[in-house]
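Notes to accompany the following structure.
In my numbering, the protein residues as written are 7 to 685.
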């Protein structure tokens, strides 16, 4: 049978109790851990490891230890609840080579952490800094089988004692450097459809009487990659006394697939919207609104913050009619608003659904185009014309059964990827129920959104992270080390692409917000003190690239957006600067959560962050940098697409005409200049 995306035989038949497992396994090829309750090792607890082909179960020994001998790959390690508890708890792990060991896959439970909610009594554990965490709480019913491509439903109320000691599986995605997969799994399917879990961090002594501010994080990854367990809220909770929540949401074609004809007339407008990943984000807010008070959080003081696709999701939460009253502050970090993704982050229904040759053309990977490709691939239609006819005449129930019966691997194989493992497809749909029927700029300039204090910003060198994956600029050695083909072209491209990103996602967006509210705060992140590795000067290769600010906003200076590049980013020499920025940025973010303004941070000892203004001569932009490089400061700064276009047109430094012309067209579109200057 199929469970959560894995092909698994009958669990009873597969349960193999390996009594001599520790003696028989060779050193250097294991996945191993310990199961404890209140520090006491738990013997006889069933531990299962699964991949897409099989599963294996063992039990813990008298020391609470377990181990599996496994080859390289992606695995889900899960424990059954110890006696007296219910639920299962697991985590996704990667084994990079046949001879490597993955240690410390532990499951630690502290009964002193009990928190009673309508969903059940949850038991978590104490982090190493004393903060209490609850991980792998079901945020919604599993979106599998008949529940694929439907709005999330709440979990039934319960009086069970539920273990919440591991984050649960990531949502279906392809392996990539950005999700920490080993190179052997790049482009391979990882994760599970059963993935709608959330995690909580709270100060150890927080109770329902405390009404602490809540900070809800939405991870990025182009709506294709990422998971909540990459990010910890323990440092924010410890330092600022806030409750931190993060969660998984469906991504790629399982998160956004707009094809209303697959749903019967009795389904809700939410289910027909195609916005399943967005609805998972709305559901997380609803969960917080209902349950977070039990963990010491204040449901009337919730801040949403997110980066990249998580920033676009934060904008969606600001605009969605479904989130009224569910949150009260927001921080939007490096949203990508259109040009960089070949299409707007919010699609019209036509773009998301129509065929590419319709009068209102759909995107090349619209839901209808994907269905047409599937029908031909599976031998149900001899050619495109037959597939289009079949799509138009197929009964609703047959269509739904066909699509919902398709394995994730089969579905994903219909899509192209770009810049690594990003799925090239429309995502957030302007459906009129979940998302307004207008584009991003129109939505916010017209005031049709939930007004609240908001931070907006970008990183100075945003696009360099993605430039590393472009074959026209770099060549990768061993799928890991990028070699720059032409340093001058690379630096110019990084500069201009990043400036365009900043203009659309910072200046123009801030101006749109400012038409309706004055509590808008804008920043730019400038840290670029990576080491020179001789073959790669990382300060020039990455600089202040996309995602590097996340650790600073979470008060975690050692968090790397690309785990495999940690060695190339962080050194003891640059640790003081990273620590300063983490203490500074997180203080402003926490102060927004606590007071509704970043002001001078928690403790009021930082430079005053003043509000955005349309006066271009005013000091309206906060710049974050180390003390050795001008530090945190307000500056006057203005840039527009018109001025950027003029500078790019005058640029003569590119060695490659094709790179120059591609850059111009990707940022500004084809026009008279490209017609006269580009072959």
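By construction, the Cβ of each residue, glycine as well, lies at the ideal position given by its N, Cα and C atoms. None of these values were measured; they are calculated from a predicted model.
Q. Name the DSSP bridge partner or partners of residue 84?
A. 54, 96
Q. Can at least three beta-carbon pairs, one atom from the region 441 to 451 and one from the region 508 to 518, be found at a separation below 8 angstroms?
A. Touching, yes.
(Q) Tell me the rounded alpha-carbon separation between residue 71 and residue 96. (A) 16 angstroms
Q) Whose C-alpha, out of 94, 216, 312, is nearest the C-alpha of residue 232? A) 312
Q: Can you give me the start and stop residues for the alpha helix (DSSP H) that residue 597 sits inside?
A: First-last of the alpha helix (DSSP H) with residue 597: 581 to 601.
Q: Would you check if the region 298 to 311 and the region 397 to 417 touch, i.e. whether three or more CB-CB distances between them fall below 8 angstroms?
A: no
Q | Nonlocal neighbours in the same chain, by C-beta distance under 8 angstroms from residue 406, ignoring five residues either side | A | 268, 269, 270
(Q) Using C-beta distances below 8 angstroms, list every residue in its chain close to residue 436, excluding the 5 sequence neighbours before and after it, in chain order. (A) 352, 353, 354, 355, 442, 443, 444, 445
Q) So does the region 201 to 212 actually touch the region 141 to 149, counting three or more Cβ pairs closer than 8 angstroms? A) The region 201 to 212, when compared against the region 141 to 149, does touch it at the 8 angstroms Cβ threshold.
Q. Which word fits residue 661, buried or exposed, when buried means at least 16 other C-beta atoms lie within 10 angstroms of its C-beta?
A. exposed
(Q) Taking the alpha carbon of residue 54 as the reference point, which residue from 64, 45, 48 has its own alpha carbon closest? (A) 64
Q: Have a look at the DSSP bridge pairing and note the partners of residue 308.
A: 220
(Q) Distance check for residue 177 and residue 7, CA to CA, integer angstroms please. (A) The predicted position of residue 7 is uncertain, since its pLDDT is 28 and thus under 50; no value can be drawn from it.
Q) Who are residue 399's beta bridge partners in DSSP? A) Within the DSSP secondary-structure output, residue 399 pairs in no beta bridge.
Q. Thinking just about the alpha-carbon of each residue, which of 172, 196, 281 is nearest to the one in residue 253?
A. By alpha-carbon distance to residue 253, the top candidate from 172, 196, 281 is 172.
Q. Which stretch, first to last residue, makes up the alpha helix (DSSP H) that contains residue 141?
A. Here residue 141 belongs to no alpha helix (DSSP H); instead the beta strand (DSSP E) covers 138 to 144.
Q) So what does residue 488 bridge to, in DSSP terms? A) 482
(Q) For residue 697, which residues in the same chain have their Cβ closer than 6 angstroms to its Cβ, ignoring the five residues on either side in sequence? (A) In the structure as shown, the chain starts at 7 and stops at 685, and residue 697 therefore has no counterpart that could be examined.
Q) Which term fits residue 395, buried or exposed, when burial requires 16 or more other beta carbons within 10 angstroms of its beta carbon? A) exposed
Q | Three-state class that DSSP yields for residue 543 in the structure shown | A | strand
Q. Are residue 315 and residue 239 close, meaning C-beta to C-beta below 9 angstroms?
A. no
**Q.** Cβ-Cβ distance between residue 358 and residue 379 below 9 angstroms
**A.** Judged by their CB atoms, residue 358 and residue 379 are not nearer to each other than the 9 angstroms cut-off.
Q | Collapsed DSSP secondary structure at residue 380 in the structure displayed | A | helix
Q | DSSP-derived helix/strand/coil call for residue 510 | A | In the structure shown, residue 510 sits in a helix (DSSP, three-state: H, G or I).
Q | Backbone CA spacing between residue 674 and residue 246 [nearest angstrom] | A | Taking the straight line joining both Cα atoms gives about 43 angstroms.
**Q.** Nearest-angstrom Cα separation, counted from residue 321 out to residue 98
**A.** 29 angstroms
Q: Give the range of the beta strand (DSSP E) segment to which residue 702 is assigned.
A: Absent from the structure is residue 702, since the part of the chain shown begins at 7 and ends at 685.
Q. If we ignore side chains and look at the alpha-carbon of each, how far apart do residue 605 and residue 592 end up?
A. 12 angstroms
Q. Who are the Cβ neighbours of residue 28 in its own chain at under 8 angstroms, not counting the five residues just before and after it?
A. Here residue 28 scores only 32 on pLDDT, less than 50, and its place in the model is too uncertain to base an answer on.
Q: Note down, one range per segment and in chain order, each beta strand (DSSP E) of at least 3 residues found wholly within the region 312 to 337.
A: none
Q.
I'd like to know if the region 319 to 334 and the region 448 to 464 are in contact, where contact means that at least 3 CB-CB pairs between them fall below 8 angstroms.
A. yes
Q | C-alpha gap between residue 69 and residue 130, whole angstroms | A | Approximately 21 angstroms, taken between the alpha carbons.
(Q) Suppose the cutoff is 6 angstroms on Cβ atoms and the five residues either side in sequence are ignored; what does the same chain contact list for residue 261 look like? (A) 282, 283
Q. Would you report the Cα separation of residue 658 and residue 479, rounded to the nearest angstrom?
A. 18 angstroms
**Q.** Inter-stretch contact (C-beta, 8 angstroms, three-pair minimum) for the region 543 to 552 and the region 644 to 652
**A.** They do not touch, by the three-pair rule.
Q) CB-CB under 6 angstroms to residue 495, same chain, minus the five flanking residues each way: which ones, in chain order? A) 660, 661, 662, 665
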